[in-house]
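Q: Under the working numbering, the first residue of the sequence shown carries the number 1, and numbering increases by one thereafter.
We treat Cβ as the ideally placed atom computed from N, Cα and C, and that holds for glycine.
The structure presented is a predicted model; accordingly, all values stated were derived computationally and were not measured.
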Amino acid sequence: MSDGHTMSGSHTMSGSHTSDSAEDTGPIRPTHPVRPIGADPALLRIGNASGFYGDRFDALREMLTGGRLDVLTGDYLAELTMLILGRDRLKDPTRGYARTFLRQLEDGLGLAVERGVRIVTNAGGLNPAGLADAVRELADKAGVPVRVAHVEGDDLLARGGWGEGVLTANAYLGGGGIAACLRAGADVVVTGRVTDAALVSGAAQAHFGWRPQDLDRLAGAVVAGHVLECGTQATGGNYSFFDGHDLLRPGFPLAEIAADGSSVITKHPGTGGAVTTGTVTAQLLYETAGARYAGPDVTARLDTVRLTEEAPDRVRIDGVRGEAPPPTLKTGLTRLGGWRNEVTFVLTGLDVAAKAALVRRQMEAALDAAEHRPAEVRWTLARTDREDAAVQEEASALLRLVVRDPDQDAVGRVVSGAAVELALASYPGFHVTAPPGKGTPYGVFEAVAVDAAGVPHVAVLPDGTRISSQHAPSTQGLGRLPDPPLPEPLPAGGTRRGPLGQVAGARSGDKGGSANVGVWARTDRAWRWLAHELTVERFRQLLPETAELPVDRHVLPNLRALNFVVDGLLGEGVAAQARFDPQAKAVGEWLRSRHMDIPEVVW
């Protein structure tokens, strides 16, 4: 479910931009033999069974037994996951992949072969060859004949030059290697760090025989892949208007992709949750920025996406236009940033501010007296208390102390000992949410741009043959599109004070140290108001934590949506845990809770 698109600076265009024209309805003429990987040459049914490392364990079985599929994908990688796998690899060089996937295959591999479903996953992480071997070993033990292939080349750590302490360095590859493996007859394809959407677009390339020049078709598949990549977020999970759906156990999504790149997002019959234009819009806005959604194979234009709810739990995506991708690949670097410790003091009842000031003075004095004061000391006070509370927890506020330093000793006993020693010597009612510990390591994520031409992209076929996948024949530098015209504003009229969430949904997420907050209106009237009212200035007023940070607003009229990118909100990324909500998952819901003067005609 991580950010999987490429990045580029202000590069000049290399080669020409070739895309399908509106009149291009003729047959596709592939330059290689094509054997469809599904029963229907005109349609490919691709499902998802994992949105992150740790997702619902039995989802793979659910998707294989719940209805017809041609391909089943699983996304296991995210920025934090790469750091975790990097630490695993330090302990054991044969590891570095998502072991959960293997345990899921113990039950699911036979089902997949029996039903003719190909499996494509990025669970290979830092060791796709190792996971491919483990799948073969599992298949041999189970007596299930499978052809296993893998994709490699993304791991650039050995190239060096990344700076001190880098654990992982992985370029985000496209779908070409996946397509080559599937065309060679692979039943299971294991990759390392490809873009999340490439799991879907690579399978579609293989099935339909698309060429690199088929940019509109590729873009359509990339958009479908982006909708599927986070699993049940497309079927009502984490959805602003969740009270309208049965979310006890939402089903996982699937896409029916057509030869022209259009798709229908749906789910297996009888499963929970819902697929609506709202749930699909929310996922389209997740972890994106502007109208250009760039990847290694194509840059998809999100401003051209059209959504149509054609039946219950069936949302059509069409109209997607594609442009040549940028000449660089995003490469994610993870490193251990140092050590951190945390203590949360509970302040109950009266005089909360004075109690907070007292314990803060006491802790600061202890830190100042230490031989090595932590390099970073951060305090936050959350006034979760309420007056005259009938429940003790509701009468309590939380004072959070977070310290960081390159040296573990500077955040260990120095902090925990000082906090414990205050137990009988501080504010009345002193207690903490958990005993302070010795400190834990934290990570840092950094994204850099690497010339795509210098990154290998190799498909290792079931028979061991190695095929190099070519990068895009033409590239185009990324530039910010001018904002489209705004809708006609609403006429002046009465307003009512209330939360923004009454008329708009939101979804937010992390992109390295930045956060994105996508906001969409539920009606045309609400869009006419939102587009004019929720400016960058207003956004900063509503979310004061963003007031001093760079904020960029992108307008997507087809989705009746605004997407805000806030640079630096998350510090050095999720692994650094720089704030209370380190992945910005709830920033959108915070925004929806803020009160505004909303026109009465919009309510």
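#1: Where does E446 fall in DSSP's three states?
#2: In the DSSP assignment, what are the bridge partners of N341?
#3: In the DSSP assignment, the beta strand (DSSP E) including L43 goes from what residue to what residue?
#4: Here's a check: name, in chain order, each residue in its chain whose Cβ is nearer than 7 angstroms to the Cβ of E309, leaving out the five neighbours to either side.
#5: Out of T271, G86, R373, state which residue places its alpha-carbon closest to the alpha-carbon of P250.
#6: Around the Cβ of K604, are there at least 16 other Cβ atoms within 10 angstroms (buried) or fewer (exposed)?
#7: Between the alpha carbons of R211 and E572, how many angstroms are there, rounded?
#8: Rank T304, T100, M63, R99 by C-alpha distance to the C-alpha of R115 and give the top, closest one.
#9: Quick one: grab the DSSP three-state call for K267.
#10: Using alpha carbons as the reference points, say which of V166, R159, V151 lies closest to L173.
#11: Quick one: Cα of T604 to Cα of P41, how far?
#12: Quick check: what's the CA-CA separation for Y286 versus D75?
#13: Smallest Cα separation from A180: which of H457, G509, Q476?
#14: Is it the case that the region 324-334 contacts the region 224-234, given that we only count it when at least three CB pairs across the two stretches are under 8 angstroms?
#15: In whole angstroms, give me the CA-to-CA distance for T31 and R525.
#16: Over what stretch of residues does the beta strand (DSSP E) that includes V188 continue unbroken?
#17: Taking contact to mean at least 3 C-beta pairs separated by less than 8 angstroms, is the region 519-533 in contact with the region 287-301?
#18: Tell me, to the nearest whole angstrom, how far the beta carbon of A459 is from that of G177; I am working on the premise that it is less than 8 angstroms.
#19: Can you tell me which of the three DSSP states Q178 falls into?
#20: With a threshold of 7 angstroms on Cβ separation, who are the neighbours of A291 within its own chain once the five nearest residues in sequence on each side are excluded?
#21: Judging by CA-CA distance, which residue of G505, F52, V264, A575 is the nearest neighbour of E446?
#22: For F57, is the classification buried or exposed, using 16 other Cβ atoms within 10 angstroms of its Cβ as the cut-off for buried?
#23: Under the assumption that I598 contacts V503 (Cβ atoms under 8 angstroms), give the Cβ distance between them as a whole number of angstroms.
#24: Tell me, which residues are paired with W379 by DSSP?
#25: For the candidate residues T299, D313, G337, whose alpha-carbon lies nearest to that of R321?
#26: Consult DSSP for V602 and reduce its assignment to one of helix, strand or coil.
#27: For R211, which beta-bridge partners are listed by DSSP?
#28: What residues in its chain sit with their C-beta under 8 angstroms from that of E533, if we drop five residues either side in the sequence?
#29: Given P484, which residues of its chain have a CB within under 8 angstroms of its CB, disregarding the five upstream and five downstream residues?
#30: Which residue from G412, D510, V343 puts its Cα closest to that of A434?
#31: Could you name the residues of the same chain whose beta carbon sits closer than 8 angstroms to that of P253, not counting the 5 residues immediately before and after it, in chain order?
#32: What distance in whole Å lies between the Cβ atoms of P499 and R383, which are believed to be in contact at a cut-off of 8 angstroms?
#33: Measuring CA to CA, which of A78, P406, S426, A418 is closest to Y53?
#34: CA-CA distance, I257 and A98?
#35: Excluding five sequence neighbours on each side, which residues of the same chain lie with their C-beta closer than 7 angstroms to the C-beta of A142?
#36: So what's E309 in DSSP terms, helix, strand or just coil?
A: In brief:
#1: Strand at E446.
#2: Residue pairing by DSSP places N341 opposite V403 in a beta bridge.
#3: 43-48
#4: So the qualifying residues of the chain are T276, T277, V315.
#5: Nearest of T271, G86, R373 to P250, Cα basis: T271.
#6: Absent from the model: residue 604. The displayed extent of the chain is 1 to 603, so no value can be given.
#7: 38 angstroms
#8: M63
#9: strand
#10: V151
#11: Within the shown structure, residues of the chain are numbered from 1 to 603, placing residue 604 beyond reach of any answer.
#12: Near 15 angstroms, if we compare the C-alpha coordinates of D75 and Y286.
#13: H457
#14: no
#15: Confidence at T31 is low in this model, with a pLDDT of 38, below 50, so its placement is unreliable and the value that follows should be read with caution. Using only the alpha carbons, I get a separation of about 49 angstroms.
#16: 188-190
#17: no
#18: 4 angstroms
#19: The residue you asked about is not Gln; residue 178 is Ile in the sequence shown. In this structure, I178 counts as helix in the three-state DSSP scheme.
#20: R301, L302, D303, L481, H554, L556
#21: A575
#22: exposed
#23: 6 angstroms
#24: Paired residue(s): L401.
#25: T299
#26: coil
#27: DSSP lists no partner for R211.
#28: These residues qualify, in order along the chain: M596.
#29: Same-chain partners within the cutoff: D303, V555, P557.
#30: V343
#31: G47, N48, V227, L228, G231, T232, A234, T235, I265, T266, K267, V275
#32: Contact flag wrong, Cβ pair sits at about 19 angstroms.
#33: Ranked by how close their Cα comes to the Cα of Y53, the residues A78, P406, S426, A418 have A78 in first place.
#34: 28 angstroms
#35: L109, G110
#36: strand
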